[in-house]
Each structure stands twice: as structure tokens, then as C-alpha cells.
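In our numbering, the protein residues as written are 365 to 607.
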């Protein structure tokens, strides 16, 4: 609705123009047919701003408007804010993945290679010296694989938790990339030996929904923290995004 005096846009239920003060009640009476379509709009009674104390008295308005109407009027704004938050969360989780936690390897992954390294290096030297040929060198090199391969795995394996997925990369020569949606994780378990409890490391075992195959990620640091994050991923991500 526009003011017939100044031509500026005003609300349909205003009694006076807030720009020029023109009386709009006659216009509102002439447009009573249009008012019939505004059944859900709360009509605010006219309050004389030129009162003695020049203060707005909203007591009569609050009495005339039930609390349910006030809640109904405020509900759309709350719904809009809630919808904005949901849209933001969906945009972060689907369009742009943010790394919220990195699952690091424990140094105990190199424990057994270090223990057996003197014995294996001795066998390598014996074969290399006694059989000075390419075949002897390859046979001797096979004794070093139990040492070299775990070391390469320690530096090549990676695992991170994002806002929507768990990414695991394992292997050296044939790398296996695994992506598990956090919503599809059915069960998270830890396998820890006595030494693992003392040194605070463990093997992570993950079961997906509608899948019998287990995903195992060995020698991880802080296994209790990782288990808690994966079992409470939504709460952890919400706290992380607030930082």
C-alpha cells in the first residue's frame, strides 16, 4: 500500500502515514475487501505519540493480543534462523570438507622392525658376501623387507576425520584409499594389547552399515580420543566449528 499524499510505501494496517502523517483510515475502510485476505496479520492499535509523557503504552496492545499470537508472529523469524543454521551445516558437510582431526600413527609401529633389524641385517650381509651376484643380492634384500616395509608404511599411511567423512589411506606400493561417511559408521572398536595399554596405542576397527568387511587401521595414537570422536562425531564437529 502507498500513501496517497506522499506516495511512499506503508503497511496495509497503518492508520497514519509514518512519513507525512496523512490519515489512512479512510483508505483502509475503502480497501476492506483486501483486508479479508490478511487474517493471520496482527493488527496494532493506533497509539497517540503526542501523549503527555510522550511514551508508547503497549499495555493495551499486549492485552488485546494473546500470547499465542505473539509467539506465532515471532515463530517465522526463529524458523528462518534455524533454517540458515541447517543450510550452513549442510553446505560445510557436503560442499566443503574441513579436517577436524588427524589420526596419527604411533611410533610403536617401528618397534618390531627395530628389534629384528640386527638379525635381518646380519642375514642380508651373509647372503650378499657369500653369493656375490644379482640373485644373491635379491635374496639378501628379501631379509630387509620386514624392516623397510613397516618404516615406509609409518610415513605413508594417513587418516583424517572431516566434517562428513573418515578418510584412510594405507599401503606403499598399492595404496588403498578408503572413504567412510561418518553417518554410515555402525561400530567403532579398539584392539589393544598389554603393551598397547602401557604405551597408549591401539588398532582401530571400524564396521560400516550394510557391510560385513571390517576396516583396520593399526598403531594409532590416543586411541580413546579417536574412539570418542568417531562415536560422537556430530557433537565434536559442532564444537570444532564454534572455535
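Using N, Cα and C, we set each Cβ at its ideal position, and we do this for glycine too.
Inter-residue Cα distance where the pair is residue i and residue j
i: residue 585; j: residue 606; result: 25 Å
i: residue 380; j: residue 389; result: 7 Å
i: residue 529; j: residue 505; result: 39 Å
i: residue 565; j: residue 595; result: 18 Å
i: residue 475; j: residue 572; result: 30 Å
i: residue 556; j: residue 499; result: 41 Å
i: residue 494; j: residue 478; result: 25 Å
i: residue 532; j: residue 603; result: 23 Å
i: residue 527; j: residue 520; result: 23 Å
i: residue 487; j: residue 472; result: 24 Å
i: residue 371; j: residue 545; result: 57 Å
Proximity test, Cβ basis, 9 Å: residue i and chain D
i: residue 585; result: The chain labelled as chain D is not found in the depicted structure, where only one protein chain is given.
Reduced DSSP category for residue i - H, G, I as helix; E, B as strand; rest coil
i: residue 541; result: strand
i: residue 422; result: Below a pLDDT of 50, predicted positions are generally treated as unreliable, and residue 422, at 45, falls in that range; the measurement from the model is reported next regardless. Coil at residue 422, not helix or strand.
i: residue 571; result: strand
i: residue 400; result: Summary for residue 400: the model assigns pLDDT 47, below 50, so the residue's position carries little reliability; its value from the coordinates is reported in the next sentence. Three-state result, residue 400: coil.
i: residue 560; result: helix
i: residue 524; result: strand
i: residue 383; result: coil
Limits of the unbroken alpha helix (DSSP H) element including residue i
i: residue 487; result: 475-494
i: residue 606; result: 597-606
i: residue 518; result: 509-520
Span of the beta strand (DSSP E) around residue i
i: residue 555; result: 549-555
i: residue 530; result: 529-534
i: residue 467; result: 463-467
i: residue 460; result: Neither: residue 460 is in no beta strand (DSSP E) and is coded neither H nor E.
i: residue 580; result: 578-585
Is it the case that the region 577-596 contacts the region 467-476, given that we only count it when at least three CB pairs across the two stretches are under 8 Å?
yes
Closer than 8 Å is the cut-off here; do at least three beta carbon pairs connect the region 508-515 with the region 538-554?
no
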